[in-house]
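Everything below concerns the one structure shown next.
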Amino acid sequence: MKCPFCSANDDRVVDSRESRDGATIRRRRECLECGRRFTSYEQIEAIPYLVVKTDGRREEFSRQKLLAGLMKACEKRPIAARQQEDIVEHLEQLLHRREEREISTHEIGTTVMEQLRDLDQVAYVRFASVYRKFEDIGSFVEEIQSLLGKSTEDPAGRGETQTDDDRAEHAE
Ligand SMILES: [Zn+2]
């Protein structure tokens, strides 16, 4: 780094310290030319991810917003806050791995629903009804039927049935 005193471009780092939240790294540097010390700050580049809505509009991806939607779907359901955060984290990791910084609402919905489906069917249907924006009652029924179809196709069908009964007892 260019020394602010003598403009030489030769220094050594004498100390590195990360800020408490891990977002900034502060480095003490010593100029090898004039021997004076100066400080540099290194910051993580904030990468905004965009959500592409069905009408083509873009809005910034919000972890908070997704978690809020998920929490609403999981209200009074036996899904721990930690599990809900895991779902959001899973989606974020998917996002970080991709080249383009965009994801469609449809893809977010599908990814989250895939995980909810295995956790809790009530939460799954609630979330699906918001994200899929079912155009009519017919498509909603179709979704439910595919969900039920998946249960009966399960080779461990009996276990699944028992789980369903158990869930019915706890339904609101
Ligand atoms: Zn210098």
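Numbers 848 to 1019, taken from my numbering, label the letters of the sequence shown in order. Ideal placement from N, C-alpha and C gives every residue a C-beta, glycine not left out.
- Each residue's CA atom was taken as its position, placing Leu913 and Val935 some 7 Å apart.
- If you draw a 10 Å sphere on the C-beta of Phe852, you find fewer than 16 other C-beta atoms in it, and that means exposed.
- Burial of Ala975 is indicated by the presence of at least 16 other C-beta atoms within 10 angstroms of its C-beta.
- Residue pairing from DSSP places Leu897 in a beta bridge opposite Glu907 and Glu949.
- When Arg964, Ile950, Glu990 and Met848 are compared, the shortest CA-CA separation from Arg874 is found for Met848.
- If you ignore the 5 residues before and after Ala928, its C-beta comes within less than 6 Å of no other C-beta in its own chain.
- Relative to ligand 1, Phe908 has its C-beta separated by 7 Å or more from all heavy atoms.
- The alpha carbon of Glu946 has as its nearest neighbour, out of Pro925, Gly916, Tyr971 and Leu897, the alpha carbon of Leu897.
- In the displayed model, Ile891 falls within coil according to three-state DSSP, outside both helix and strand.
- Tyr888 and Cys850 have their alpha carbons spaced roughly 14 Å apart.
- When Glu932, Leu963, Cys921 and Ile926 are compared, the shortest CA-CA separation from Gln911 is found for Glu932.
- Contact between Leu879 and Asp862 does not hold, since the beta-carbon distance rounds to 16 Å and is not under 8 Å.
- Taking Val977 as the centre and dropping the five residues before and after it, the same chain places no C-beta closer than 6 Å to its C-beta.
- Close CB contacts of Gln962 within its chain, under the 7 Å cut and outside five residues either way in sequence, are with Ile934 and His937 (chain order).
- Ile991 and Pro895 have their C-alpha atoms roughly 35 Å apart.
- For Ser866, there is no enclosing alpha helix (DSSP H), as DSSP marks it with neither H nor E.
- Minimum Cα-Cα distance from Gly916 among the listed residues Tyr971, Ser951 and Gly903 corresponds to Tyr971.
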